[in-house]
Amino acid sequence: MLDRQFEALVAAASEPDVPGGDDAAVESSSPDRQTSGVESSSPDGQTDGITFDGLRVVRTAAGFDFETPETTASGLDRAELRDHAADSPYVTNWYFWEWAVQAHDSPRRAFCRKLEGASDHTHDVPARYDALSDGLVTEWGQLRIEARLGDHGSRVYEVRHVADADADAAALDSHDDPLDARQIAKTDETGRYRPLKTAPSLARGWLFDDLDWRGVAQTVESFYPATVANWYREQRGELDVDHWRDTVTRMTGIYGVVRTWDRGEGYEHVNWVAEACCDDSQCLKRREWQYDDETDLDVDGGDGQFPCREPCSVVVTAARKWTRLEGEQPQTYEFELTPSEKEQLEAVIDAVADDRTDEIREADVDDGANRYRARFLRAKLFDDEGNLAGVPTNADD
Ligand code: SF4
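Right, here's the structure in full:
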């Protein structure tokens with residue numbers, strides 16, 4: 009325990025209202041005094057002292073009381089208090105969270121507490137320290153976040169791609185600026201732009217190491233904007249959800265056209281949108297929005313750790329296109345296909361929808377979406393204008 013940690017302990021146990029330490033970081037404008045660990049004095053002059061994560065320290069007329077789940081001592085002078093506090097993980101844990109971090113009622117603090125199982129009391133402090141010594145791992149979408157114990161009870165964090173869990177750190181591109189994550193998140197492994205930041209297509213090969221609590225939260229937010237804040241709101245029962253109807257009703261300009269899609273009976277079209285875009289295979293968020301306040305969609309919202317509170321811009325942009333396409337009148341076309349050709353068209357649509365085309369081997373001609381099979385079908389069935397079976401799309405053509 010450092011001298012300044014002990015002095016902070018004495019001050020917090022003694023004083024009714026103590027400002028943060030030299031490395032304090034207060035994010036909340038209204039810290040919760042009940043959980044700050046520094047409470048106001050009682051009418052008889054005895055301070056309420058510190059109550060935090062199993063530690064209780066209070067100054068009384070007879071000296072200091074020091075209490076943890078394993079130790080109880082009262083009437084201590086400063087030297088005795090120091091002896092009790094010296095090797096106590098409860099003290100450095102209190103110092104880290106209540107003196108250094110503070111930031112009560114903030115998503116970042118809650119998120120970092122979650123990373124070590126403190127928010128749901130999965131581990132008491134000694135067990136938490138043991139686990140942190142080995143490295144406590146949390147997965148957040150495709151991020152692998154490891155929390156470790158730093159010097160004197162501080163915490164250090166590392167973030168890498170889940171698929172790089174076993175990679176040698178020296179083989180990964182090291183970053184120390186959390187904002188670098190925005191650049192990494194822009195493109196996938198093949199360099200294609202990622203319009204949806206929570207798509208499961210994050211590129212591998214990078215590492216953010218030696219982050220502090222603010223840095224780890226900022227890195228996560230740079231990869232997955234708003235996921236920490238929305239998770240936090242959901243934990244507190246404060247997630248404000250904008251359903252499909254709310255969202256399309258507000259649309260104006262070029263997106264206003266989506267409203268027209270919504271004027272028909274039912275909501276089946278919204279089921280199709282959610283199935284197409286919000287499935288776990290396409291997005292790591294858990295869709296919480298429904299058709300409207302009273303009408304749930306039939307499609308499952310997924311198992312993501314962080315909630316989606318409204319249709320995103322990718323969905324809205326796609327819906328704009330579908331609104332136009334779905335405005336067309338059905339036509340009757342007549343083709344002749346063999347049963348295998350019909351099944352092959354279905355297999356091609358499936359493969360594209362599931363993004364499997366790259367996985368289908370050239371030699372695997374049993375797969376209807378095999379490239380040679382598809383090329384054979386095109387050679388056989390398309391005319392020079394690209395019409396299937398020579399049938400024009402519009403009867404007048
Ligand atoms: S609307 Fe769907 S695709 Fe968009 S972020 Fe939410 S869950 Fe993901």
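Here the sequence shown stands for residues 9 to 405, where the numbers follow my numbering.
Using N, Cα and C, we set each Cβ at its ideal position, and we do this for glycine too.
Exercise. With burial defined as no fewer than 16 other Cβ atoms inside 10 Å of the residue's Cβ, what is the status of D185: buried or exposed?
Worked result: Within a 10 Å sphere around the beta-carbon of D185 sit fewer than 16 other beta-carbons, which makes this residue exposed.
Exercise. Using CA coordinates, which residue listed in V170, V360, R116, L292 is at the minimum distance from V224?
Worked result: For V224, the nearest C-alpha among the options comes from R116.
Exercise. Cβ atoms of D218 and V167: under 7 Å apart, would you say?
Worked result: The beta carbons of V167 and D218 sit no closer together than 7 Å.
Exercise. In its own chain, which residues sit with a C-beta less than 6 Å from the C-beta of Q13, not counting the 5 before and 5 after it?
Worked result: Cβ within range, chain order: Y103.
Exercise. If you measure from the CB of P203, is any heavy atom of ligand 3 nearer than 6 Å?
Worked result: No copy of ligand 3 occurs in the structure displayed; its ligands are ligand 1 alone.
For this session: Could you tell me which uninterrupted alpha helix (DSSP H) segments, each at least 4 residues in length, are contained entirely in the region 116-178, listed from first to last along the chain?
Result: When DSSP assignments are scanned along the region 116-178, the uninterrupted stretches of alpha helix (DSSP H) that are 4 or more residues long and fall wholly within it turn out to be 133-142.
Exercise. Does the region 227-241 come within contact of the region 139-151, defined as at least 3 CB pairs closer than 8 Å?
Worked result: Short answer: they touch.
Exercise. Can T365 and A371 be called in contact, C-beta distance under 7 Å?
Worked result: In this structure, A371 does not lie closer than 7 Å to T365 by Cβ.
Exercise. Quick one: complete alpha helix (DSSP H) runs, 4+ long, within the region 176-202?
Worked result: For the region 176-202, whole alpha helix (DSSP H) runs of length 4 or above, ordered along the chain, are 188-194.
Exercise. If you drop the 5 nearest sequence neighbours on each side, which residues of the same chain put their C-beta closer than 8 Å to that of T43?
Worked result: Reliability of the predicted coordinates at T43 is poor, the pLDDT of 38 falling under 50, and no value is obtained from them.
Exercise. Cβ of C120 versus every heavy atom of ligand 1: is any distance shorter than 6 Å?
Worked result: Incorrect: C120 has no Cβ contact closer than 6 Å to ligand 1.
For this session: Compute the distance between the beta-carbons of F216 and H183, then report whether it is under 7 Å.
Result: Going by C-beta atoms, F216 is nearer than 7 Å to H183.
For this session: Keeping to the same chain, check which residues put their C-beta closer than 7 Å to that of T100; ignore five residues upstream and five downstream.
Result: Same-chain partners within the cutoff: M9, Q13, H160, G161.
Problem set entry | Sequence-distant residues of the same chain with beta carbon closer than 7 Å to S209, five excluded per side | Cβ within range, chain order: D196, R202.
For this session: Please classify C285: does DSSP put it in a helix, a strand, or coil?
Result: Secondary structure of C285 (DSSP, three-state): helix.
Exercise. Taking 6 Å as the cut-off, does the CB of K293 come closer than this to any heavy atom belonging to ligand 1?
Worked result: K293 Cβ: within cutoff of ligand 1.
Exercise. DSSP on P347, reduced to helix/strand/coil?
Worked result: Helix at P347.
For this session: Compare the beta carbon distance of A397 and L389 with 7 Å and say whether it is the shorter of the two.
Result: For A397 and L389, yes; Cβs fall inside 7 Å.
Problem set entry | D73, buried or exposed, once every other Cβ within 10 Å from all chains shown has been counted against 16 | Counting the other CB atoms within 10 Å of its CB gives D73 a total of 16 or more, which places it among the buried residues.
For this session: Pair every Cβ in the region 307-321 with every Cβ in the region 337-353, then say whether three or more of these pairs are closer than 8 Å.
Result: Result no; under three Cβ-Cβ pairs closer than 8 Å.
For this session: Work out the CA separation of I357 and G213 for me, nearest whole Å.
Result: Spanning the two alpha carbons is a distance of roughly 32 Å.
Exercise. Looking at C-alpha atoms only, which residue of Q243, R222, W239, R258 is the closest neighbour of L292?
Worked result: Nearest option by C-alpha distance: W239.
Problem set entry | Buried/exposed call for S82, threshold 16 Cβ in 10 Å | The Cβ neighbour count for S82, taken over all protein chains shown within 10 Å, is under 16; the residue is labelled exposed.
Exercise. CB of P319 to nearest heavy atom of ligand 1: below 6 Å?
Worked result: Indeed, a heavy atom of ligand 1 lies less than 6 Å from the Cβ.
Problem set entry | Opposing strand residues paired with L353 [DSSP bridges] | Paired residues: none, contrary to the question.
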